[in-house]
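> The structure is given below, and queries will be raised subsequently.
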Amino acid sequence: NIRSRRGQKVDIQVPLFKDINTPEFANQTAQKEDGSKVSLPEGYKLEPDTNIHMDAMGFGMGMCCLQVTFQARDVDESRYMYDQLAVLAPIMLAMTAATPIFKGRLADIDVRWTVIAQSVDDRTPAERGILSPEETAAAADPRLAGQGIKPIPKSRYDSISTYIYHCKGDSACQRTFEVYNDIPCPIDPAVKARLRAAGVDENLAHHVAHLFCRDPISA
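The sequence shown lines up with residues 278 to 496 when you count with our numbering.
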């Protein structure tokens with residue numbers, strides 16, 4: 278599961294809302310309604326690095342949300358919709374923001390996406406890039422995809438890493454894809470080679486090979 282593969286509990290950090298009524302961020306003095314100043318109770322201090330901390334997958338996947346499933350006519354339309362929704366989704370996420378509270382504390386964010394991403398982050402310390410080269414080499418585990426040491430830049434729940442529309446031989450279209458598919462996207466080379474040999478086009482083969490750089494996992 279997530280915890281056993283990661284080697285430790287998940288570490289969900291959400292920024293706490295900064296306000297005069299938030300103890301961790303309150304100034305030493307506050308302004309009353311009549312404009313006068315009043316000292317805050319003892320113990321109120323500025324702690325700028327204070328976050329809301331959660332340490333279990335249920336904090337993310339246990340939240341409610343609005344989800345919509347689209348039924349496309351075929352794989353070409355599906356791939357087109359996938360790319361378009363990648364651009365529209367952040368806008369819709371902001372429009373439907375409805376998650377400002379975690380563990381009873383008001384957060385400085387108002388959507389659940391980053392919490393979900395952190396709650397299912399099953400990457401090993403080596404895959405997250407927090408080990409030294411020597412520690413990374415020693416952490417290799419042949420039971421895991423990429424031996425558990427191949428760098429993976431994002432959680433398994435995160436933004437997309439590739440656009441996947443089928444250019445169908447259009448060289449101008451493919452050049453555009455090469456421009457926009459410009460972020461780190463680790464893949465399983467053997468999977469990609471097998472797909473390409475079976476006639477799957479470059480964009481889709483690369484996308485599927487990216488999915489296989491991770492282990493299948495359950496909660």
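Glycine included, every Cβ here is placed at the ideal spot set by N, Cα and C.
Taking 8 Å as the threshold (C-beta atoms), are residue 446 and residue 490 in contact?
no
> Quick one: Cα of residue 337 to Cα of residue 408, how far?
26 Å
> From this set, 389, 472, 480 and 471, which residue's C-alpha is nearest residue 455's C-alpha?
480
> Since residue 462 and residue 451 are thought to touch, with beta carbons under 8 Å apart, how far apart are those beta carbons, to the nearest angstrom?
Contact flag wrong, Cβ pair sits at about 16 Å.
> Which ranges does the alpha helix (DSSP H) cover as unbroken runs of at least 4 residues, wholly within the stretch 396-470, from first to last along the chain?
Within the stretch 396-470, the complete alpha helix (DSSP H) runs of at least 4 residues are 410-415 and 448-457.
> For residue 437 and residue 475, what's the separation of their Cα atoms in angstroms?
Roughly 24 Å separates the two Cα atoms.
> Sorted by chain position, which residues of the same chain lie with C-beta nearer than 6 Å to residue 340's C-beta, five sequence neighbours on each side aside?
So the qualifying residues of the chain are 389.
> Check this for me: beta carbons of residue 498 and residue 343, under 8 Å apart or not?
Residue 498 lies beyond the stretch modelled for the chain, which goes from 278 to 496, so this question has no answer here.
> Along the beta strand (DSSP E) that carries residue 331, what are the first and last residues, could you check?
328-331
> Taking one C-beta from the stretch 290-304 and one from the stretch 365-385 each time, how about it: are there three or more such pairs within less than 8 Å?
yes
> Hey, which unbroken runs of the alpha helix (DSSP H) at 4 residues or more fall wholly within the stretch 334-369?
335-338
> Is the beta carbon of residue 289 less than 8 Å from the beta carbon of residue 351?
no
> Suppose the cutoff is 7 Å on Cβ atoms and the five residues either side in sequence are ignored; what does the same chain contact list for residue 284 look like?
Once the five neighbours on either side are set aside, the close Cβ partners of residue 284 are 401 and 402.
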